[in-house]
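Below is one structure; the comments refer to it alone.
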Amino acid sequence: MKSAEGRGRTLDEAVDVALIELKESRRNVDVKILSETAEETIVEVSVIDPNAPDHSIPAPANGKGEIARGLVETLLKHMGIRAQVSVRTGSEPITLDISGRDLGALIGWRGETLRALQSVTNVMVGRHLDEGERIIVDVERYRQRREHTVREIAMRAARQVKMTGDAITLDAMQPFERRAIHLALEGDPDVTSSSIGEEPDRRVVVGPRKPAAE
Amino acid sequence: MPSRAAAERIRKAIALVNSVADEAGDEEITPTEIAEAIRDCLELPEEELAPNVRRYLGEALDAVSDGMPADFVAMTLYAALGALREGGAKAELN
Chain U
0 MKSAEGRGRT LDEAVDVALI ELKESRRNVD VKILSETAEE TIVEVSVIDP NAPDHSIPAP
60 ANGKGEIARG LVETLLKHMG IRAQVSVRTG SEPITLDISG RDLGALIGWR GETLRALQSV
120 TNVMVGRHLD EGERIIVDVE RYRQRREHTV REIAMRAARQ VKMTGDAITL DAMQPFERRA
180 IHLALEGDPD VTSSSIGEEP DRRVVVGPRK PAAE
Chain Y
0 MPSRAAAERI RKAIALVNSV ADEAGDEEIT PTEIAEAIRD CLELPEEELA PNVRRYLGEA
60 LDAVSDGMPA DFVAMTLYAA LGALREGGAK AELN
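Quick mapping for you: the protein sequence lines, in order, are chains U and Y.
Under numbering that gives the first Met the number 0, the first residue of the first sequence carries the number 0, and numbering increases by one thereafter.
Under numbering that gives the first Met the number 0, the first residue of the second sequence carries the number 0, and numbering increases by one thereafter.
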C-alpha cells in the first residue's frame, strides 16, 4: 500500500502535505495520526486502492464470500441494476463491494437502502454463515468513506476537547459510525467517548478523560 | 403521502435492530425494547397504516418473539417501510 508521512501545524496541513506527495485526493486515503503537539502534527497517509494487489489471503473460490457475491449479483440483476460485485480481499468480516455507474439509488437516504440490502443479503446467506458471522455490503466504498469521515470528525473533536477541556456532542449517527468513533478514540489517553440519546438520534459525546480516583 | 409519524416510528425500530446487528457497543438493546418499538408502530391509527404495512409489522413482531436473527427482523421492517412508501405513492396517483 502506497503511503506518505505529512507534517504540519494542523491536521489539515499535515494531511495536505502527504496528499501532495502521493498525488491523491482525500477520499482515496486513510489517515493515521502519528503524533500531535501544539506546534506540529505528524500523520501517515495511506492510499486505499481497491485494485491494488493484496498480500492477504483471498476469499476461497467457493467460500462464503463467493456464495454471497453470486446471490447479490442475481438480486441486482432482478432489480435491473447493472453493477459488478466483488469480494473484498483480506477483509474481516466478509465484505462485498458493489461498483458501477449511477448507484446512488442503491445507497439511498443516509445509506438506508444499502443497509436494507445488507440485511437481505445476510438473511439469504445466513445458513452458510457461522454463529455471529455477518456479511458487510458496501456500494462504491460509501460505507468505508463514511467510516473515514467519522474517524476524522472524531480526531478533530478529540483535539478540540484537549484544547478546551469541554465535552463535545457530535451529530446523530448510525451504529457502525458510532462504533468507528469509539474504536478511533479508545486508545487516546486524554479523551473518552460515550453515547447519549435514543435511536435514531443517538449521539457520541467526546469528553476529557478524568484521571482515575486514587 | 405516507404518514411521517409511521415512517419515523418504523425507522426508530429499524435503528434499534441495526444497533444490535452492527454491535455499536455503546448500548444494551433488549428484544423487549425492539418489540415495544414495533408495537408503537402498530398502535398508530388504522388510516395511517395500510393493511400490508400492518402485516409486515406483525411479522417483524413475531420474528422478535421467535428469536429470529436481527437481520431478519430488520429486513421485515424495511419491507414495512417500503410498503408504507408504496402506499403513499399509490394514494398520490389516485
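Think of the CB as a built atom: it goes at the ideal place given N, C-alpha and C, for glycine as much as any other residue.
Every value quoted in this text rests on a predicted model; they were computed, and no experiment measured them.
Looking at the DSSP output, Pro207 (chain U) shares a beta bridge with U:Val190.
If you look at Arg6 (chain U), you'll find it in the beta strand (DSSP E) that goes Ser2 to Gly7. Considering only beta carbons, the part of the stretch 64 to 90 of chain Y lying closer than 7 Å to chain U consists of Pro68, Asp70, Phe71, Ala73, Met74 and Tyr77, in chain order. Beta-bridge analysis with DSSP links Ser45 (chain U) to U:Ser2 and U:Asp29.
Between the alpha carbons of Pro44 (chain Y) and Asp129 (chain U) lies a gap of roughly 41 Å. By the criterion of a C-beta distance shorter than 7 Å, Glu12 (chain U) is surrounded by no residue of its chain, once the five residues flanking it on both sides are discounted. Taking the beta carbon of Glu198 (chain U) as reference, the chain Y residues within 7 Å of it are Lys11, Ala14, Leu15 and Ser18, listed in sequence order. Taking 8 Å as the cut-off, the Cβ atoms of Gly86 (chain Y) and Ala49 (chain Y) count as close. DSSP places Asp21 (chain Y) inside the alpha helix (DSSP H), whose first and last residues are Arg3 to Asp21. No residue range can be given for Gln173 (chain U), since it is assigned to no beta strand (DSSP E) and is classified by DSSP as neither H nor E. Residue U:Arg178 holds the alpha-carbon nearest to the alpha-carbon of His147 (chain U) among U:Val122, U:Thr191 and U:Arg178.
Residue contact with chain U for Asp21 (chain Y): present (Cβ-Cβ distance below 8 Å to some residue of chain U). By alpha-carbon distance to Ala67 (chain U), the top candidate from U:Ser34, U:Asn121, U:Gly89 and U:Gly107 is U:Asn121.
Counting C-beta atoms within 10 angstroms of its own C-beta, Ala156 (chain U) has 16 or more neighbours from the protein chains shown and is therefore classed as buried. The residue among U:Ile32, U:Lys63 and U:Ala104 with its C-alpha nearest the C-alpha of Ala82 (chain U) is U:Ala104. Under the three-state reduction of DSSP output, Arg202 (chain U) falls in the strand class. Within chain U, no C-beta atom comes nearer than 8 Å to that of Glu27 (chain Y); the closest sits roughly 11 Å away.
By the rule that beta-carbons nearer than 8 Å mark a contact, His181 (chain U) touches chain Y. The beta carbons of Leu83 (chain Y) and Ala4 (chain Y) sit about 11 Å from each other, so the pair does not count as a contact at 8 Å. For the 8 Å CB-CB criterion, Val203 (chain U) and Leu182 (chain U) do not form a contact. Glu176 (chain U) and Asn51 (chain Y) have their C-alpha atoms roughly 32 Å apart. Burial check for Ser18 (chain Y): the Cβ neighbour count within 10 Å reaches 16 or more, so the residue is buried. Our two residues, Leu75 (chain U) and Arg87 (chain U), have alpha carbons roughly 18 Å apart in a direct line. Annotation: Cβ neighbours of Ser118 (chain U) in chain Y (cutoff 7 Å, chain order): Asp70, Ala73, Met74 and Tyr77. Around the beta carbon of Lys11 (chain Y), 16 or more other beta carbons sit within 10 angstroms, so the residue counts as buried.
By the Cβ criterion, the stretch 54 to 71 of chain Y is not in contact with the stretch 88 to 95 of chain U, since fewer than three pairs of Cβ atoms, one from each stretch, lie closer than 8 Å. Under DSSP, Gln83 (chain U) takes part in a beta bridge, and its partners are U:Ser98. Restricting attention to U:Ser24, U:Leu10, U:Ile19 and U:Val16, the CA atom closest to the CA of Arg144 (chain U) is found in U:Ser24.
Where Asp137 (chain U) is concerned, there is no enclosing alpha helix (DSSP H), although the beta strand (DSSP E) around it starts and stops at Ile135 to Val138. Ranking Y:Ala20, Y:Ser64 and Y:Arg53 by CA distance to the CA of Cys40 (chain Y) puts Y:Arg53 first.
Residues of chain Y with a Cβ closer than 9 Å to the Cβ of Val42 (chain U) do not exist; the shortest Cβ-Cβ separation is about 26 Å.
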